[in-house]
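Residue numbers (my numbering): 10 to 606. Glycine included, each C-beta is placed from N, C-alpha and C at the ideal position. Just so it is clear, the structure is predicted and the values come from calculations on it, not from any experiment. Here's the structure we're looking at; comments come further down.
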């Protein structure tokens, strides 16, 4: 096997060859985090460690697959690989072998999110609690399990109306999972932690087996994952974790970046390696990223540097409105000689994709939505449109069928309320009346981040409706836009043929030659939901940092003077994150200078 260390810089080499003890690798954006992890696995095997003695855990199957491929290539394609997978996949495997100690049958079922929600809805009906929001209760139960709280422990802290309902449902939910011989996703890690902690003889089998444990994206672990990491590595005490507090952007999922901050406190003998050399971005882009993240005070930040060129100035483009913003992007792309795959357009919320999608369709520019669904294909958008279609044409069986699926009693109440609605209103007023009559927004707003995004998507439909006062013209436009988007779906996820559209969250881990970030305005980025809480503002700032560091050569930031968003047109204030960037890094432009060129 060739000397793999020659492909690493000095600090990467040190992190790779340090075999024993607790090791914290703080890896900045674009600093070669995946390379260090895979090289470390390959190095351990090259030093005589059996692949079966290594456990490599990450957050997504995609990341695990990439790491397996790299290790395989490094070692010459001739050896068995260690376990490299997600927390959930590893725990699911070992629970089939050791779950019996906690009363879990080897052939247990795994309930996905949909199965779990269906069971919770049934429990709410059985307990006469149908007015409660099942999505919010599901989220609360998931959070409890991620905090390692059993139903009994949770009930102790249940001190208000909602949490007391959750406590009742949680207890019954676990009983019914047991009857079904099932676990949900959160149980996989929760139950594994219980066994590792409470059944030492059983736990020792795996604790002794895995001499080396490596955990990826440690800034994103929740309490259960943190506990698992400590327990599974407690025998040999060889635990390597890799992460970056500045890229902790999943607080709404229960991730707690304080786990990476406290690692050295938990293990005073920790060896720390800072990977600060960035191989992705130009110097000007990195300087901007450092300026943005340096304003956070709750965690230390790495000072990224690079040997890459200074690069171009960062373009800051002022636009009249959201349509002007999308047209600016289209014109820049069409006037470029670069392949479409070199461009990514990032945004804070999924609802922002609508205007972009319509402009891309208008100019026949293929695009891919990463981690999302096309605007008109989103369930909540289709549901809202179905209410409008049925109100205008009660013979519409497709719309009727969709409404009935939302609940027979809900549909009956809607038809009663529909008789009181003036169908001669303009599209915005009629759609608003229908949403009130159906109580649809109450149905989808379950108090979770996902529920809030669904509400935003429906409200964005109201933004579109303002352009088509006549309801029939509005529906015609929707149908035509849907029809135009069909051929583009054949592209699937072929990054070589299309521009990428993505939320900043979904773009983490990706990189592009040219990155547009739209909606750089107060209330949008940072999001209005974060403006009161300093903790949430810091997460928004980390999100901005992640977005900026996706860019390799060109970064283009866009904001509008006014924006029609979620059904309201407001004057905009430029994002505080733009103001953090030193003026000498910015080339300030207007959309007129680009669109009229």
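Sub-8 Å separation of residue i and residue j beta-carbons
i: residue 157; j: residue 202; result: yes
i: residue 129; j: residue 107; result: no
i: residue 234; j: residue 120; result: no
i: residue 581; j: residue 535; result: no
i: residue 350; j: residue 548; result: no
i: residue 315; j: residue 292; result: yes
i: residue 607; j: residue 525; result: With the chain running from 10 to 606 in the structure shown, residue 607 is simply not present.
i: residue 363; j: residue 473; result: yes
i: residue 381; j: residue 148; result: no
i: residue 527; j: residue 334; result: yes
i: residue 241; j: residue 219; result: yes
i: residue 377; j: residue 342; result: no
i: residue 545; j: residue 537; result: no
i: residue 608; j: residue 282; result: No statement about residue 608 is possible, as the shown extent of the chain runs from 10 to 606 and does not include it.
i: residue 454; j: residue 464; result: yes
i: residue 530; j: residue 467; result: no
i: residue 533; j: residue 325; result: no
i: residue 6; j: residue 560; result: Residue 6 lies beyond the stretch modelled for the chain, which goes from 10 to 606, so this question has no answer here.
i: residue 312; j: residue 336; result: no
i: residue 590; j: residue 167; result: no
i: residue 512; j: residue 483; result: no
i: residue 298; j: residue 558; result: yes
Residue range of the unbroken alpha helix (DSSP H) whose run includes residue i
i: residue 119; result: Careful: residue 119 lies outside any alpha helix (DSSP H), inside the beta strand (DSSP E) at 118 to 120.
i: residue 177; result: 170 to 188
i: residue 369; result: 362 to 371
i: residue 240; result: 232 to 241
i: residue 272; result: 272 to 275
i: residue 516; result: 513 to 516
i: residue 262; result: Here residue 262 belongs to no alpha helix (DSSP H), and DSSP marks it neither H nor E.
Range of the contiguous beta strand (DSSP E) that encloses residue i
i: residue 562; result: 560 to 569
i: residue 193; result: 191 to 193
i: residue 221; result: 221 to 224
i: residue 328; result: 323 to 328
Whole-angstrom C-beta distance between residue j and residue i, which should lie under 8 Å
i: residue 257; j: residue 551; result: 6 Å
i: residue 61; j: residue 91; result: 7 Å
i: residue 330; j: residue 573; result: 7 Å
i: residue 405; j: residue 398; result: 5 Å
i: residue 68; j: residue 225; result: 7 Å
i: residue 323; j: residue 588; result: Contact flag wrong, Cβ pair sits at about 13 Å.
i: residue 265; j: residue 232; result: 7 Å
i: residue 432; j: residue 400; result: 6 Å
i: residue 33; j: residue 250; result: 6 Å
i: residue 46; j: residue 76; result: 6 Å
i: residue 243; j: residue 217; result: That pair is no contact at about 10 Å.
i: residue 30; j: residue 246; result: 7 Å
Simplified DSSP assignment, three categories, for residue i
i: residue 210; result: helix
i: residue 51; result: helix
i: residue 24; result: helix
i: residue 536; result: strand
i: residue 102; result: helix
i: residue 58; result: coil
i: residue 155; result: helix
i: residue 593; result: helix
i: residue 522; result: strand
i: residue 16; result: helix
i: residue 353; result: strand
i: residue 404; result: coil
i: residue 80; result: helix
i: residue 599; result: strand
i: residue 257; result: coil
i: residue 280; result: strand
i: residue 434; result: coil
i: residue 316; result: coil
i: residue 36; result: strand
i: residue 130; result: helix
i: residue 90; result: coil
i: residue 477; result: coil
i: residue 204; result: helix
i: residue 85; result: coil
Paired residues, beta bridge with residue i - DSSP
i: residue 31; result: 248
i: residue 67; result: 95
i: residue 530; result: 583
i: residue 376; result: 508
i: residue 572; result: 579
i: residue 286; result: 314
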